[in-house]
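Residue numbers (our numbering): 12 to 90.
Ideal Cβ positions, reconstructed from N, Cα and C, are used throughout, including at glycine.
Because the structure is a prediction, the values reported are computed rather than measured.
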Amino acid sequence: ILLGGEIPHSSWVPDLLMGKILIAVKIHLEDKDVIKGIGKMAWLERKEDLTCFIGVHFQEITTRGKDKLIEMMLDYHMP
12 ILLGGEIPHS
22 SWVPDLLMGK
32 ILIAVKIHLE
42 DKDVIKGIGK
52 MAWLERKEDL
62 TCFIGVHFQE
72 ITTRGKDKLI
82 EMMLDYHMP
């Protein structure tokens, strides 16, 4: 999944990419549902300012949360 946001400090990037720092995410869906998960950074794409896009490989997520994310991605790519 692609997420966007700020990295608190650029010195965190190596440890994030090596999986030494876990990322906790809370995703608010349009239907007011919330998905929570914990994962490791899979990849990083920096933008012009301090923001970036990251890929997250979930280590812990509920089955319901995983199913909701898959449904959301399928709906987006195959309307």
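Host alpha helix (DSSP H) of residue i (start-end)
i          : result
residue 76 : 74-88
residue 26 : 24-28
Three-state class that DSSP yields for residue i in the structure shown
i          : result
residue 55 : strand
residue 14 : strand
Residue nearest to residue i in terms of C-alpha spacing, selected from the options
i          : options           : result
residue 22 : 32, 83 and 41     : 32
residue 70 : 36, 49 and 27     : 49
residue 43 : 85, 26, 84 and 79 : 79
residue 16 : 88, 77, 40 and 64 : 64
Residue range of the unbroken beta strand (DSSP E) whose run includes residue i
i          : result
residue 39 : 34-39
Sequence-distant residues of the same chain with beta carbon closer than 8 Å to residue i, five excluded per side
i          : result
residue 67 : 12, 14, 34, 36, 48, 50, 51, 52 and 53
Heavy atom of the ligand COA within 7 Å of residue i beta-carbon
i          : result
residue 78 : The model on display carries no ligand, and the ligand COA is accordingly not part of it.
Opposing strand residues paired with residue i [DSSP bridges]
i          : result
residue 68 : 51
6 Å Cβ shell around residue i - same chain, five flanking residues per side excluded
i          : result
residue 27 : 52
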